[in-house]
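>
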Amino acid sequence: MSEALPKNWATKKLDELGFVGRGKSRHRPRNDESLYGGNYPFVQTGDVKAAEFYLHEFSQTYNDKGLAQSKLWNPDTLCITIAANIADTAILKIKACFPDSVVGFIADPQKADVRFVKHYIDTIKLRMQNISKGTTQDNLSLDKLMTFDFAVPPLETQRKIATILSTYDGLIENNTRRIKVLEEMAQTIYREWFVNFRFPGHEKVNMVDSPLGKIPEGLEVQSVGDLLCKVPRRTKIQKKDYLTSGEIPVIDQGREFIGGYTDDEEALIEDHLPRIVFGDHTRILKYVDFPFACGADGTQLLMSNTPKMPPTLFYYALLEIDLSNFGYARHFKFLKAEDLVVPDQQTASLYQKYIGSMRDQISCLNAKNLNLRQTRDLLLPKLISGEIDVSELKIETKETAA
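Heads up: the sequence shown at position 214 corresponds to 214 in my numbering, and the numbers run straight through without jumps.
1. Here's the rule I'm using: 16 or more other beta-carbon atoms within 10 Å means buried, otherwise exposed. How should Ile388 be labelled?
2. How would you call Ala87, buried or exposed, if buried means at least 16 neighbouring beta carbons within 10 angstroms?
3. Take the Cβ of Ser166 as the centre, count every other Cβ of all protein chains shown within 10 Å, and call the residue buried at 16 or more, exposed below.
4. Who are the near neighbours of Asn369 in its chain, counting only those whose CB is closer than 6 Å to its CB and skipping five residues on each side?
5. Buried or exposed for Thr157, please, with buried defined as at least 16 other CB atoms from any protein chain shown within 10 angstroms of its CB.
6. If you reduce the DSSP assignment to three classes, tell me which class Ser25 lands in.
7. The alpha helix (DSSP H) spanning Asp47 covers which residue range?
8. Taking 8 Å as the cut-off, does the stretch 374-384 touch the stretch 294-311 (at least 3 CB pairs, one atom from each stretch)?
9. Report all residues from its chain with a CB closer than 7 Å to the CB of Trp9; omit the five preceding and five following residues, and keep chain order.
10. Does Phe19 pass the burial test, meaning 16 or more other C-beta atoms within 10 Å, or should it be called exposed?
11. Contact between the stretch 42-51 and the stretch 77-97 is defined here as three or more beta-carbon pairs at a separation below 8 Å; is this criterion met?
12. Given a threshold of 16 other Cβ atoms within 10 Å of its Cβ, counted over all protein chains shown, does Asp209 qualify as buried or as exposed?
13. Quick one: is Ser357 buried, meaning 16 or more other Cβ sit within 10 Å of its Cβ, or exposed?
14. Between the beta-carbon of Ala112 and the beta-carbon of Leu155, is there less than 9 Å?
15. Using only alpha-carbon positions, find the residue among Leu273, Asp15, Leu285 that is nearest to Phe292.
16. Among residues of its own chain, excluding the 5 on either side of Tyr62, which ones have a beta-carbon nearer than 7 Å to its beta-carbon?
17. Please classify Lys214 as buried or exposed, where buried requires at least 16 neighbouring CB atoms within 10 angstroms.
18. Which same chain residues end up closer than 8 Å to Leu350 when comparing Cβ atoms and leaving out the 5 residues on each side of it in sequence?
19. Taking the alpha-carbon positions, what's the Asn404 to Lys144 distance?
20. Is the beta carbon of Tyr315 sitting closer than 9 Å to the one on Leu285?
21. Near Pro216, what residues of its chain come up, given a Cβ to Cβ distance below 7 Å and the 5 sequence neighbours on each side ignored?
22. What separation, rounded to the nearest whole angstrom, lies between the Cα atoms of Gln44 and Val288?
23. Using the beta-carbon count (16 or more within 10 Å), is Gly225 buried or exposed?
24. Would you report the Cα separation of Leu14 and Leu318, rounded to the nearest angstrom?
25. Please check if any C-beta of chain C sits within less than 9 Å of the C-beta of Lys125.
26. Can you tell me the Cα-Cα spacing of Gln346 and Ile355, whole angstroms?
27. Quick test of your reading: Gly46 and Trp73, contact by CB under 8 Å. State the CB separation rounded to the nearest angstrom.
28. Quick check on Leu72: does DSSP put it in helix, strand or coil?
29. Could you tell me if Ser25 is buried or exposed, where buried requires 16 or more neighbouring beta carbons within 10 angstroms of its beta carbon?
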């Protein structure tokens with residue numbers, strides 16, 4: 001391999017570029033409630049997958065007892081998932097604990113830029129997933145991780161490559177933050193109208209009894225299952241069939257809006273209506289308003305059967321449901337049993353119109369992110385392999401991730 005390397009590049013193993021170690025979560029059972037609810041972020045494989053590039057957010061926290069049986073990792077640690085979601089990566093921007101299903105990599109500042117290593121792993125992710133195939137659950141052991149060669153240029157060239165690619169990652173992350181703000185605004189308006197019942201004209205409406213307590217007259221309560229219309233089931237697209245250059249987005253169960261792309265016309269759903277996508281295992285909801293294909297078993301497509309619950313309103317109503325306590329399996333069964341407040345058609349249409357501009361902005365930002373990802377992903381293998389030589393370019397770089 002070394003003969004084919006660009007000048008001044010070298011072949012290294014991951015542990016030759018810095019410290020590599022597994023996370024710790026020694027207590028059994030791991031879901032013991034006495035470990036959680038403190039001040040120490042506890043990052044899991046799903047949180048790594050959900051991160052765009054840097055990992056700021058987390059779904060659980062450890063208390064002092066939880067920390068005592070784990071380990072706190074510092075910012076700029078690269079998290080690499082080795083179970084459940086194989087070879088997903090994100091760079092910590094907070095101090096956090098994580099279990100042994102996540103490997104931590106701390107770059108030696110004299111040998112490696114953590115951003116370069118993260119991007120490099122992205123280019124060999126499929127190889128890592130293939131070597132992890134097992135008879136029961138896929139798993140990338142630490143020993144297997146250490147078998148992979150990294151073609152590494154001098155540190156300054158690593159930083160230049162990382163800086164170019166991180167420009168795209170930074171723009172994507174900024175757009176993602178703006179999307180989050182808009183989503184939170186739309187959700188706040190939903191709560192004001194349909195949880196606190198302070199929608200326009202509420203002062204003139206009487207309150208009546210319902211299974212959910214007092215609600216405004218004219219509104220009703222129905223279960224999610226009763227509100228669903230049947231959606232034609234389509235053949236799921238396997239990961240091996242994903243393409244990075246196709247025209248059709250693939251939606252999976254992860255939090256990322258786009259799971260991949262395919263050029264298989266048969267994978268498209270039958271119409272272009274907005275859909276709500278629910279991951280039966282991940283308990284994640286997405287609102288999708290463009291043609292797409294389903295990329296994972298257990299991905300449910302949801303549409304209401306009444307104009308009183310148009311797509312956007314239905315989406316934010318579903319987001320109000322606390323899915324965290326649902327059983328590990330068959331989450332969709334629990335979701336269908338939940339009750340929702342259904343407004344009259346006039347109020348529903350008014351809400352849909354009221355937040356339409358927010359949804360338009362979100363769609364625009366998602367489209368920009370799609371274009372940014374495609375451009376970055378075209379550049380990524382060419383830069384990481386040295387096909388595009390940046391060693392002589394004058395690029396302002398930083399020693400650590402921004």
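All residues carry an ideal CB built from backbone N, CA and C; glycine is no exception.
On the basis of the data shown:
1. Sequence index remark: in the sequence shown, residue 388 carries index 388 (1-based). That one is exposed.
2. Numbered from its first residue, the sequence shown carries residue 87 at position 87. Buried.
3. On the sequence shown, position 166 is the one that residue 166 refers to. Here Ser166 is buried: its Cβ has 16 or more other Cβ atoms, across all protein chains shown, within 10 Å.
4. Locating residue 369 in the sequence shown gives position 369, where the first residue counts as 1. Answer for Asn369: Ile172, Asn175, listed in chain order.
5. Taking the sequence shown and counting its residues from 1, one reaches residue 157 at position 157. It is buried - the Cβ of Thr157 has at least 16 other Cβ atoms within 10 Å.
6. Residue mapping note: residue 25 aligns to position 25 of the sequence shown, counting from 1. Of the three classes helix, strand and coil, the one that applies to Ser25 here is coil, per DSSP.
7. Along the sequence shown, read from residue 1 onward, the residue named residue 47 stands at position 47. Note, Asp47: alpha helix (DSSP H), 45-50.
8. no
9. Along the sequence shown, read from residue 1 onward, the residue named residue 9 stands at position 9. Scanning its chain for C-beta atoms nearer than 7 Å, with the 5 sequence neighbours on each side dropped, one finds around Trp9 the residues Ala151, Val152, Pro153, Gly386, in chain order.
10. To locate residue 19, count along the sequence shown from 1; it is residue 19. Exposed.
11. yes
12. Residue mapping note: residue 209 aligns to position 209 of the sequence shown, counting from 1. Counting Cβ neighbours within 10 Å, Asp209 comes out exposed, since fewer than 16 surround it.
13. For the purposes of this step, residue 357 is identified with residue 357 of the sequence shown, where counting begins at 1. So Ser357 ends up on the exposed side.
14. Position 112 of the sequence shown, counted from the first residue, corresponds to residue 112. Position 155 of the sequence shown, counted from the first residue, corresponds to residue 155. Their beta carbons are under 9 Å apart, which means Ala112 touches Leu155 by this criterion.
15. Numbered from its first residue, the sequence shown carries residue 292 at position 292. Nearest to Phe292 by alpha-carbon distance, out of Leu273, Asp15, Leu285, is Leu273.
16. Counting from one through the sequence shown, the residue named residue 62 turns up at place 62. Around Tyr62: Leu35, Tyr36, Gly38, Tyr40, Phe42, Ser70, Cys97.
17. Against the sequence shown, residue 214 aligns to sequence position 214. Per the 10 Å Cβ criterion, exposed.
18. Position 350 of the sequence shown, counting from 1, holds the residue named residue 350. The answer, listed in chain order, is Phe199, Pro200.
19. Coverage of the chain is limited to positions 1 through 402, which leaves residue 404 absent and any answer about it impossible.
20. Against the sequence shown, residue 315 aligns to sequence position 315. Against the sequence shown, residue 285 aligns to sequence position 285. Their beta carbons are under 9 Å apart, which means Tyr315 touches Leu285 by this criterion.
21. The count along the sequence shown starts at 1 and reaches residue 216 at position 216. Around Pro216: Phe197, His202, Val205, Met207.
22. As a first step, residue 44 must be located in the sequence shown, where it is residue number 44. As a first step, residue 288 must be located in the sequence shown, where it is residue number 288. About 26 Å.
23. Here the question's residue 225 lines up with position 225 in the sequence shown. Gly225 is exposed by the Cβ-count criterion.
24. Translated into positions along the sequence shown, residue 14 becomes position 14. Translated into positions along the sequence shown, residue 318 becomes position 318. Cα to Cα, the separation comes out at about 43 Å.
25. As a matter of chain content, chain C is missing from the structure shown, which is built from one protein chain.
26. In the sequence shown, counting from the first residue as 1, residue 346 sits at position 346. In the sequence shown, counting from the first residue as 1, residue 355 sits at position 355. Spanning the two alpha carbons is a distance of roughly 15 Å.
27. As a first step, residue 46 is located in the sequence shown; it is residue number 46 there, counting from the start. As a first step, residue 73 is located in the sequence shown; it is residue number 73 there, counting from the start. Not a contact, Cβ separation roughly 17 Å.
28. By 1-based counting over the sequence shown, the position of residue 72 is 72. DSSP places Leu72 in coil when its eight states are reduced to three.
29. Start at 1 with the first residue of the sequence shown, and residue 25 comes out as number 25. Buried, by the Cβ-count rule.
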